[in-house]
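Read the structure below first, then the notes.
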Ligand code: 13P
Ligand code: SF4
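Numbering (our numbering), first residue to last: 165 to 473.
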């Protein structure tokens with residue numbers, strides 16, 4: 165079967181099974197093309213609310229499917245590949261965060277959305293990379309504990325004044341692997357290109373960039389800019405999507421290390437197999453959460469949408 169034929173089968177099955185496909189922008193091109201909604205973590209959270217289909221198929225990592233389930237508890241939510249987990253989401257323990265809260269009750273806990281549902285349940289508000297600065301600025305609390313990504317936390321600290329922001333050592337192994345030396349090398353190779361990086365990169369990397377912002381922030385910047393070439397410091401799919409969407413511009417990945425194995429484990433075949441399993445009652449990976457789990461963890465996602473909208 166050819167790729168286009170498989171995509172057509174997926175489009176047919178999507179309708180037959182009344183399924184909405186949500187794909188994070190780090191998914192491969194052939195998956196983004198057949199998705200009903202694609203975008204960064206914030207956009208997917210907003211899109212997951214109020215869908216009319218009975219089933220949601222998430223192409224991304226586990227915490228994203230969990231978030232979709234929290235926002236649409238009455239729907240069946242599936243993850244296209246059960247092995248797709250984000251290592252950052254598992255880095256911090258809910259008991260340790262609860263103990264820190266007991267010691268400093270006036271310090272609000274801000275959790276990056278890349279966290280498990282059990283961790284979200286002990287936090288005050290969630291943020292994504294595109295909403296973090298806006299939400300932390302809008303919070304009444306002066307004292308903040310930002311978890312788990314200390315690079316994004318440092319980026320927020322520099323962008324927001326008048327807050328005491330405490331960080332813990334966590335982060336994205338993919339973005340944090342990029343070095344300042346790689347930025348200098350890429351600039352030497354493409355001296356006219358602007359450097360656009362994700363704030364999950366180390367401060368030494370973001371400091372050398374022309375722009376630091378979320379996945380959608382980078383895409384919007386590149387599309388609107390008059391510049392013709394860009395070095396892209398985030399997951400490699402973004403350079404690929406931009407190249408398709410802006411054929412008159414050139415996009416260079418900042419580093420060959422910017423490939424997230426967890427995002428890239430999902431294939432179009434997984435999407436097809438999951439839809440077939442939904443249709444025939446087979447073995448699809450459904451996200452199951454109790455009502456108590458949903459209400460405990462959803463609170464800080466609702467707060468994120470309230471403050472970030
Ligand atoms: P955003 O989608 O918020 O840009 O986050 C990037 C990321 O690493 C998702 O896992
Ligand atoms: Fe997690 Fe980083 Fe992969 Fe995003 S890019 S899913 S934060 S490991």
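The C-beta atom is built at its ideal place from N, Cα and C for all residues, glycine as well.
**Close Cβ partners of residue 373 (< 6 Å) along its chain, the five nearest in sequence each way excluded** = Here the question's residue 373 lines up with position 209 in the chain shown. The answer, listed in chain order, is 359 and 361.
**Asked** For the 8 Å Cβ check, are there 3 or more pairs between the region 190–207 and the region 363–381?
**Response** Contact holds: three or more Cβ-Cβ distances are below 8 Å.
**Asked** Between which two residues does the beta strand (DSSP E) containing residue 183 stretch?
**Response** Here residue 183 corresponds to residue number 19 of the chain shown, with the count starting at 1. Unbroken beta strand (DSSP E) run through residue 183: 183–188.
**Request:** Could you tell me if residue 346 is buried or exposed, where buried requires 16 or more neighbouring beta carbons within 10 angstroms of its beta carbon?
**Result:** Sequence index remark: in the chain shown, residue 346 carries index 182 (1-based). Here residue 346 is buried, its C-beta having at least 16 other C-beta atoms within 10 Å.
**Asked** Among 305, 460 and 342, which one has its Cα closest to the Cα of residue 330?
**Response** The residue given as residue 330 occupies position 166 in the chain shown. The option with the nearest alpha carbon to residue 330 is 305.
**Message:** With H, G and I counted as helix, E and B as strand and the rest as coil, what does DSSP make of residue 299?
**Reply:** As a working mapping, residue 299 is identified with position 135 in the chain shown. Helix, per DSSP.
**Asked** When the Cα atoms are used, what is the spatial distance from residue 350 to residue 176?
**Response** Here residue 350 refers to the residue found at position 186 when the chain shown is read from its first residue. Here residue 176 refers to the residue found at position 12 when the chain shown is read from its first residue. C-alpha separation (whole angstroms): 43 Å.
**Residue nearest to residue 399 in terms of C-alpha spacing, selected from 441, 336 and 446** = Taking the chain shown and counting its residues from 1, one reaches residue 399 at position 235. Answer by Cα proximity: 336.
**Request:** State the DSSP-derived secondary structure class of residue 415, mapped to helix, strand or coil.
**Result:** By 1-based counting over the chain shown, the position of residue 415 is 251. Three-state result, residue 415: strand.
**Item:** Neighbourhood of residue 385 by C-beta distance below 7 Å, restricted to the same chain and skipping five residues each side
**Value:** Numbered from its first residue, the chain shown carries residue 385 at position 221. The residues are 360, 375 and 377.
**Message:** Considering only their Cβ atoms, is the gap separating residue 334 from residue 355 smaller than 7 Å?
**Reply:** As a working mapping, residue 355 is identified with position 191 in the chain shown. As a working mapping, residue 334 is identified with position 170 in the chain shown. Contact: no.
**Element boundaries [alpha helix (DSSP H), containing residue 434]** = Translated into positions along the chain shown, residue 434 becomes position 270. Per DSSP, residue 434 belongs to the alpha helix (DSSP H) from 432–444.
**Per-residue DSSP class, three states only, for residue 211** = Stepping through the chain shown from its first residue, residue 211 is reached at position 47. For residue 211, the three-state secondary structure derived from DSSP is helix.
**Message:** Using only Cβ atoms and a threshold of 5 Å, which residues come within that distance of a heavy atom of the ligand 13P? Order them by chain position.
**Reply:** 204, 205, 292, 293, 378 and 379
**Prompt:** Alpha carbon to alpha carbon, how far is residue 363 from residue 424?
**Reply:** Within the chain shown, the letter at position 199 stands for residue 363. Within the chain shown, the letter at position 260 stands for residue 424. Their backbone Cα atoms lie some 16 Å apart in a straight line.
**Request:** Please classify residue 449: does DSSP put it in a helix, a strand, or coil?
**Result:** Looking up residue 449 in the chain shown gives position 285. Residue 449 falls in the coil class under three-state DSSP.
**Prompt:** Who are the near neighbours of residue 421 in its chain, counting only those whose CB is closer than 6 Å to its CB and skipping five residues on each side?
**Reply:** Your numbering for residue 421 matches position 257 in the chain shown. Same-chain partners within the cutoff: 341.
**Asked** Helix or strand or just coil, what does DSSP make of residue 304?
**Response** Counting from 1 along the chain shown, the entry for residue 304 is found at position 140. In this structure, residue 304 counts as coil in the three-state DSSP scheme.
**Message:** Using a Cβ-Cβ cutoff of less than 7 Å, which residues in the same chain neighbour residue 228 once the five nearest sequence positions on both sides are dropped?
**Reply:** To locate residue 228, count along the chain shown from 1; it is residue 64. These residues qualify, in order along the chain: 188, 205, 208 and 222.
**Item:** Straight-line Cα distance separating residue 307 from residue 328
**Value:** For the purposes of this step, residue 328 is taken as residue 164 along the chain shown, with counting starting at 1. For the purposes of this step, residue 307 is taken as residue 143 along the chain shown, with counting starting at 1. Residue 328 and residue 307: Cα-Cα distance of roughly 5 Å.
**Item:** Top-ranked residue by Cα proximity to residue 443, from 174, 167, 168 and 165
**Value:** As a working note, residue 443 is residue 279 in the chain shown. The candidate whose alpha carbon is nearest that of residue 443 is 174.
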